[in-house]
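This report concerns only the one structure given below.
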Amino acid sequence: MKLLFSTIFFLQFSLCFSQTYYGQITTNQNDSLSVQILIKGNMIFKGNKILSIQEKITVLNNGISKDYYPKDLKSFKIKMENNKIITYDNVNNNFFAERYYSNKVKLYRRLIKVETRQSPYFQIFSVLLVKNPNQEKLIELNANGFSRLITQKEMLAKFTDCKI
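Residues in the sequence shown are numbered consecutively from 0, following numbering that gives the first Met the number 0.
Set out below in structure tokens:
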């Protein structure tokens, strides 16, 4: 029993505290580098992984570890477990957000962690961000729960310069 418990504990520790994914970063000088992205911490749930890479990423390149913050990169791509490649962009040098659409108007998805008084003492919400080219301010579109997602009418109201 001790051997089984020790093995499970060792696997949990090794899986939770260092996971590497293949990716590509684009620096502010438009240099593209193929790297490994290291996600640290307790990463049991996919939402926790996304939360950790929204603020900074740790890159392994030729055996050297380096932290990159949103002000350091234009974007990065990461290949997750299901072989899906996700692109994250620097948004106003404040955080990275998942790119949903990018043309003149940009649409991003970001997770927000809110502390609560009940266990597990936090909730994670998904927020869509709209960035118009002629506005500095980001427009937030909060999801209304599983029963009622963001409607086309609500989204078009945020696009004041483009009603198509």
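Virtual Cβ for every residue (Gly too), placed ideally from N, Cα, C.
Since we're looking at a predicted model, the values are computed, not measured.
In terms of residue numbering, what span does the beta strand (DSSP E) encompassing residue i cover?
i: G22; result: 18-26
i: D66; result: 63-67
i: V34; result: 31-38
i: S125; result: 121-130
i: E80; result: It is not in any beta strand (DSSP E) - E80 carries neither H nor E in the DSSP assignment.
i: D88; result: 84-90
i: T115; result: From DSSP, T115 is part of no beta strand (DSSP E); its letter is neither H nor E.
Distance check for residue j and residue i, CA to CA, integer angstroms please.
i: Q28; j: N81; result: 31 Å
i: F94; j: E135; result: 15 Å
i: V113; j: T86; result: 24 Å
i: T115; j: T57; result: 29 Å
i: V126; j: N141; result: 5 Å
i: V129; j: R109; result: 11 Å
i: S64; j: N133; result: 37 Å
i: N47; j: K76; result: 17 Å
i: L137; j: I111; result: 15 Å
i: E153; j: Q122; result: 24 Å
i: G62; j: K39; result: 16 Å
Determine the burial state of residue i: buried for a count of at least 16 other Cβ atoms within 10 Å of its Cβ, exposed for fewer.
i: Q53; result: buried
i: F124; result: exposed
i: Q151; result: exposed
i: A96; result: buried
i: P69; result: buried
i: D66; result: exposed
Would you mind giving the Cβ-Cβ distance between residue i and residue j, rounded to the nearest angstrom? I have them listed as a contact below 8 Å.
i: T19; j: L37; result: 5 Å
i: V90; j: N131; result: So it is not a contact: roughly 13 Å between Cβ atoms.
With C-beta atoms as the reference, is residue i less than 8 Å away from residue j?
i: S101; j: T25; result: no
i: Q35; j: L50; result: no
i: G22; j: K78; result: yes
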